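Protein chains in written order, with the working numbering: chain A, 1 to 334; chain B, 1001 to 1288; chain C, 2001 to 2249.
Cβ coordinates follow ideal geometry from the N, Cα and C atoms, glycine included.
A quick note: this is a predicted structure, and the numbers were derived from the prediction, not measured.
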Amino acid sequence: MTSRQTWHAIGAMTSIAAAALLPVVSGDYYTSFGTEIAIMVLMLSSYRLIVLTGEWSFAHVVLQGVGAYTAAIAVKDFDWPFPLTIAAGAAMAALMATILSFPLLRMKGFYFLMGSFAAAEAIRLLWRKIPFFGGTRGLSNIPAPYLDLGGLTIDFGHPANFFHLSLAVVVCCLFLMWRMERARIGHIWRAIQQQDILAQSVGIESRTYRRLAFVIAAAFAGIAGVLLAYAFGTVTPNRFGLNFALYLMIWSIVGGTRTFYGVVLGGVVLMIFDESLRFAEELRPGVYGLILIGVMLFCPQGLERLLQSMARVLPGTRSDESGERGTLSRPGKS
Amino acid sequence: MQMLIDTLVNAAMASAATALVSIGLALIFGVMRIENFAHGELYMVGAYVTWYVSSALGLTYFPGLVCAVLITALLGALMEVALFRRLRSNPVGCLIITVGVLLVLQTAAVWFGGVNSTLLVDTPFPGVLRIGTLALPWHRLFVIVAAIILMLALTWLLRRTAFGWAVRAVAQDAEAASLQGISIGRISILAMMLSAGLAGAAGAFMAPIVRVNPFMGQPVIITAFIVIIMGGIGSIEGAIIASVLYSTFFTFVSTYLDSTVATIAGLCIMLGVLIFMPNGLMGKAEKV
Amino acid sequence: MAILELFALRKTFGGLVAIDNVSISVEEGAIHGLIGPNGAGKTTLFSLITGFYRANAGKVAFGDTDVTSMTTSQRAQRGLVRTFQANLLFADQTVFENVGSGSLMGRQRHALDWFLERAAHQAKAAASIQEILSFCRLEAKAGTLARDLSHGQQRVLGIAIALAARPRLLLLDEPFTGMTAREKDELAEMIQAVRARGTTVILVEHDMRAVMRLCDRITVLNFGKVLSEGTPEQVRRHPDVMAAYLGAA
């Protein structure tokens, strides 16, 4: 491993270890908040997979909702255990994404954004309308996971336990995504994003790989949805509306989508900032708006750029690993 | 029968208001290639200013309307000068920044009048016009007529004046236009002002009819995007036609069925257009 | 054996007929030139062959497969690869990475490689990238960003990327444009070396010297039709060809 990779590994393991200690240093409230952050980090990292192919989507939060509703129904009506609901949530979200991908991937750029919004919002409104999904009030009283294995019993209803469970799930997912990005498929995604036509001329069928990114990202969003359902015990349609889709986009941009850790950083920082604004609940969107404007005007590459400037001071860093730059490509007109 | 007439009048009014907002959106896209997500909030600002001037300050409706248009136009100019101008080279950045403006304006309205505000604006045209057994609310008729007048004025402006010619030139080919001596900066500011003013006017028109609240712009912007995609992004004629078609459809479905069903149907229509006819009704999307 | 055959290809844009009843046969292992005055339809024909445009009528046969309805990437996977006049590159990647990107779809890979990288596999890929780099004489620039190369080197890089995709048929779109005399000589040698390795080459080019020197056979296009075809000598002497070029001047 190069020394740069060593630094990354150290950084990652330190962060995970530090995160795991959260319940030790703080009470239930902040531990639950930690769970929320973990879920959001999973959402942001999976969202980034779509951005890596050069597109921005508004459907991602609704796909999380698919996972959440699946979990709610699986647990309440069929009493499924945790591992099974995770698999089911991921599978349903991936299935929905596959179906949506056929009409949506014929569009690019702004049209894709609008199309993804239209499809997702239509689904969300159906959740609101159809009684099976609980209508406007959604589904509630989702019981927490409970492990009863041999002599070992763990009640994951306890915030600290659920936090560790979520952390474990999220770290596994992040690891998978990280490996993917460095493997062939990650290179293909980047090639499509940077020079679609050139990629096609060497045999890369861009639509297939865009679809793959969309579906894989959706599977992870589905997992995030399952965690959400357990964490809150309730699933409502408003949790997956346009506002959250906008926040996802904002946090990705502020964090920076160029590197793997950019969105993680952005998510953590902004959620903590979000929490600190709790006293001024109503002003939060405005503050976000100002942050967004500020970042776009002065620091369009996001927080990760700041971190990289600081990192240049560290020994052993050399100029960049493979081809990630300006992921903010123009949403072309089709 | 009354319900049918009511629905028709409402449909016409909705078409009028939607058309004004959508034209503005189409104009900005045509001239500056920017998708302005904050456009719905300009509509909302128009309504708020109208309320403030006419109710809080005690002046009547029409000064409120005028102020609404002026202030939203100024806001538009500000957005161009402070924000868009600095991001000419980063079109995605512009889109993101309009989301920022959206959030700031929404929050400003919340801070200004409260989240659950039910601010009321009195119309200068109360009551109804009676024709036989039918009752047509005066204010709705006013909205329809005023919108038509504005659209005719806009058409005249775009087709008969030097300014309009310059705007269309920039929409077609900005580089060629600037080589001909047209100042892109000036046209951009004026186009933004025009577009924002139209949205503000629509907000002022609708203020006596709808609940004036900080989130009133949200459904409006969604409808506007559906409409301009239907009509063909950048095409003003397309926006007008699509406004009428879509608003009529939406109003009828809303009234006779359910507004949620109407919204779902509208979204499916937008999706259908995007899949099968991405250039919309007016074909090639580069016209103003 | 003909590696590429075009049968009565026709392409219209609105009312304009860009390619009219063009039939060409390219022999395997040949260097086949495609020339013609500006606007003759050379680039359109290129795009038809590679699948960027769909023909309105006619057939494109590659090897013994009818590829007429295949997409660009499907044709490329079968070994039909092109370069671009506009010289598309992955500007922010190094030369090494650019060539690596060209080989992404290459030969058989272990299924797992799609999602995880394995050290042994990486080493093999690196070796074959190095091989292409030295073939194109770019190995000294392996770590340079593509955008920092000189114009001539960038054109060569474009060809290297195409070579990384292991083409059976390589279409070069005006590769000599903007090169110095020395770079042109090197490029000509490289094209002959490519052919020597078993890849057929089709060359669209304005530089007459290069075309006459390199090509075994030449097809001349004018107004979207085939004007003449034959060896460089035959084509050079053809009265219609001379008239077309002189007339168009």
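Taking only three categories from DSSP, how would you classify residue i?
i: residue 2033/C; result: strand
i: residue 205/A; result: coil
i: residue 55/A; result: coil
i: residue 1282/B; result: coil
i: residue 2010/C; result: strand
i: residue 157/A; result: coil
i: residue 1057/B; result: coil
i: residue 1235/B; result: coil
i: residue 317/A; result: Caution applies to residue 317/A, whose pLDDT of 42 falls short of 50 and renders its modelled position unreliable; the value that the coordinates give is listed next. Three-state DSSP puts residue 317/A in coil, outside helix and strand.
i: residue 2226/C; result: strand
i: residue 1043/B; result: helix
i: residue 1137/B; result: strand
i: residue 108/A; result: coil
i: residue 2053/C; result: coil
i: residue 1122/B; result: coil
i: residue 1215/B; result: coil
i: residue 1314/B; result: Nothing in the structure corresponds to residue 1314/B, since chain B is present only between 1001 and 1288.
i: residue 1183/B; result: coil
i: residue 1015/B; result: helix
i: residue 1225/B; result: helix
i: residue 2210/C; result: helix
i: residue 2090/C; result: coil
i: residue 1033/B; result: coil
i: residue 102/A; result: helix
i: residue 2058/C; result: strand
i: residue 2038/C; result: coil
i: residue 1207/B; result: coil
Find the nearest neighbour of residue i within the set the options, judged by alpha-carbon distance.
i: residue 2217/C; options: 2103/C, 2200/C, 2063/C; result: 2200/C
i: residue 220/A; options: 202/A, 176/A, 147/A; result: 176/A
i: residue 1242/B; options: 1003/B, 1107/B, 1017/B; result: 1017/B
i: residue 2014/C; options: 2056/C, 2033/C, 2007/C, 2231/C; result: 2056/C
i: residue 2090/C; options: 200/A, 269/A, 239/A, 298/A; result: 200/A
i: residue 1215/B; options: 1114/B, 1190/B, 1268/B; result: 1114/B
i: residue 236/A; options: 53/A, 48/A, 68/A, 21/A; result: 68/A
i: residue 1250/B; options: 1239/B, 1223/B, 1273/B; result: 1223/B
i: residue 2160/C; options: 2115/C, 2028/C, 2142/C; result: 2142/C
i: residue 2023/C; options: 2180/C, 2002/C, 2212/C; result: 2002/C
i: residue 1978/C; options: 2233/C, 2179/C, 2029/C; result: Only positions 2001 to 2249 of chain C appear in the structure, and residue 1978/C is not among them; the question remains open.
i: residue 1126/B; options: 1110/B, 1143/B, 1039/B; result: 1143/B
i: residue 1093/B; options: 1035/B, 1014/B, 1181/B, 1047/B; result: 1035/B
i: residue 2222/C; options: 2044/C, 2120/C, 2030/C, 2233/C; result: 2044/C
i: residue 255/A; options: 48/A, 234/A, 196/A, 169/A; result: 48/A
i: residue 166/A; options: 11/A, 58/A, 22/A; result: 22/A
i: residue 272/A; options: 36/A, 28/A, 71/A; result: 36/A
i: residue 1083/B; options: 309/A, 293/A, 213/A, 300/A; result: 293/A
i: residue 1165/B; options: 1148/B, 1149/B, 1184/B; result: 1184/B
For residue i and residue j, which I take to be in contact (beta-carbon distance under 8 Å), what is that distance rounded to the nearest angstrom?
i: residue 1234/B; j: residue 1030/B; result: 4 Å
i: residue 1091/B; j: residue 107/A; result: In fact, because the Cβ distance is near 17 Å, the residues do not count as touching under 8 Å.
i: residue 2156/C; j: residue 2133/C; result: Not confirmed; about 10 Å, so no contact.
i: residue 2048/C; j: residue 2011/C; result: 6 Å
i: residue 304/A; j: residue 261/A; result: 7 Å
i: residue 2073/C; j: residue 203/A; result: 5 Å
i: residue 76/A; j: residue 139/A; result: 7 Å
4 or more residues per run - each alpha helix (DSSP H) lying fully within the stretch 2132 to 2196 of chain C: You should have 2151 to 2164, 2181 to 2196.
Along the stretch 277 to 289 of chain A, what residues have a CB closer than 8 Å to any CB found in chain B? When C-beta distances to chain B are compared with 8 Å, the residues of the stretch 277 to 289 of chain A below that value are 282, 283, 284, 285, 286, 287, 288, 289, in chain order.
At which residue ranges does the stretch 12 to 69 of chain A contain complete alpha helix (DSSP H) runs of 4 or more residues, listed in the order of the chain? Counting whole runs of 4 or more residues, the stretch 12 to 69 of chain A contains the alpha helix (DSSP H) stretches 22 to 25, 28 to 52.
For the stretch 2080 to 2093 of chain C, list every residue whose C-beta sits within 9 Å of some C-beta in chain F, in sequence order. Protein chains A, B and C are contained in the structure displayed, whereas chain F is not.
Can you give me, in chain order, the residues of the stretch 164 to 192 of chain A that have a beta carbon less than 7 Å from any beta carbon in chain C? For the stretch 164 to 192 of chain A, the residues whose beta carbon sits under 7 Å from a beta carbon of chain C are, in order, 179, 180, 182, 183, 184, 185, 187, 188, 191.
With 8 Å as the limit, tell me which residues of the stretch 203 to 216 of chain A have their beta carbon closer than that to any beta carbon of chain C; keep them in chain order. From the stretch 203 to 216 of chain A, only 203, 204, 205, 206 have a Cβ closer than 8 Å to chain C.
Chain A contacts from the stretch 2059 to 2077 of chain C (Cβ-Cβ distance under 9 Å): Flagged, chain order: 2071, 2072, 2073, 2074, 2075, 2076, 2077.
Contact residues within the stretch 292 to 307 of chain A, judged by C-beta distance below 9 Å to chain B: The residues in question are 292, 293, 294, 295, 296, 297, 300.
According to a CB-to-CB cut-off of less than 8 Å, which residues of the stretch 2154 to 2171 of chain C neighbour chain A? Flagged, chain order: 2161, 2162, 2164, 2165.
What are the uninterrupted segments assigned as beta strand (DSSP E) that are 3 or more residues long and contained completely in the stretch 268 to 314 of chain A, given in chain order? The DSSP assignment places no complete beta strand (DSSP E) segment of no fewer than 3 residues inside the stretch 268 to 314 of chain A.
Output needed in chain order: residues of the stretch 2033 to 2057 of chain C with a Cβ under 9 Å from some Cβ in chain A. Answer in chain order: 2050, 2051, 2052.
Going along the stretch 1261 to 1279 of chain B in order, which residues come within less than 7 Å of chain A, judged by CB to CB distance? Those would be 1263, 1264, 1267, 1268, 1270, 1271, 1274, 1275, 1278, in chain order.
Residue ranges of each alpha helix (DSSP H) within the stretch 177 to 246 of chain A, 4 or longer: Counting whole runs of 4 or more residues, the stretch 177 to 246 of chain A contains the alpha helix (DSSP H) stretches 184 to 194, 196 to 201, 206 to 232.
Mind checking the stretch 236 to 253 of chain A against chain C and listing, in chain order, the residues whose C-beta falls within less than 8 Å of any C-beta there? Flagged: no residues at all.
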